[in-house]
Amino acid sequence: MLSKLSWCLLAIATSAVSAVNLSTSITYAFTISDFQGHMLDLTNGNNHQLTPVQSFTPANTTNQQWALISTQDARQLWELFNLGSNTIMSHTTAMLKRKGTAIHAQIVGSNETLFWRLDNSPEGSRFTDASTGLALTAWSAEEGYPSSPLTLEYASGENKRQIFHLHCMKALSIPGDC
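For the sequence shown, the numbering used here assigns the number -9 to the initial residue and increments by one for each residue that follows.
Given below as structure tokens:
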């Protein structure tokens, strides 16, 4: 039996994505938490190219709301679209288009299309950059600080910093709850 999240992702994957009208393909807004309970957060909701995406304490802002978007051509690949800024989650070396250049790259908001592979397990979800094979990785926040960086690192099935949880916030383009 499919979980509620699996059904939701399946519904999103079967939607057609149009660069002109993204709202027809986005069905749900998510927050994405890391191993320490922090959320993926576009710093200050800024829509400038290369604005850092950080791991930040939970806040009720669109900086922390993301939509997963898939195309008909790549149903297993997803764009992570920030609802507050209309930017795509990417990394600082995505524009170089060369393999091997992204290790330790910082996660940022961008206008560049970048696809993530989403692998689900009982522990949570892992996001892997489809072009490099490197995994989204959260770092521990220093004691007393609300944020920490997100980078790309070698994928490791045993690395808890590479496990994330999707939390449905609201339905966007269809009536009803998550």
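Note that CB positions come from ideal geometry on N, CA and C, so glycine has one too.
Sequence-distant partners of Asn101 (beyond 5 residues in either direction) whose C-beta falls short of 8 Å from its own C-beta, in its chain, are Gln39, Thr77 and Ile78.
Bridge partners of Asp119 according to DSSP: Trp106.
Thr141 is a Cβ neighbour of Thr127, given a cutoff of 8 Å. Check the Cα spacing between Thr122 and each of Gly99, Leu86, Leu32 and Phe71: the tightest is with Leu86. With respect to the C-alpha of Asp31, the residue from Val43, Ser23 and Ile164 having the closest C-alpha is Val43.
Closest in alpha carbon position to Ile97, among Thr33, Ser75, Gly27 and Leu108, is Thr33. Scanning its chain for C-beta atoms nearer than 6 Å, with the 5 sequence neighbours on each side dropped, one finds around His94 the residues Thr141, in chain order. Distance from the CA of Gln55 to the CA of Ile164, rounded to the nearest whole angstrom, comes to 17 Å. The distance from the Cβ of Phe105 to that of Ala57 is about 14 Å, inconsistent with a contact at the 8 Å cut-off. For Leu162, there is no enclosing beta strand (DSSP E), as DSSP marks it with neither H nor E. Counting C-beta atoms within 10 angstroms of its own C-beta, Thr41 has 16 or more neighbours from the protein chains shown and is therefore classed as buried.
Separation of the CB atoms of Thr47 and Gly35 is rounded to 15 Å, and the pair is thereby denied contact status at 8 Å. When the beta-carbon positions are compared, Ser130 and Ser137 stay at least 8 Å from each other.
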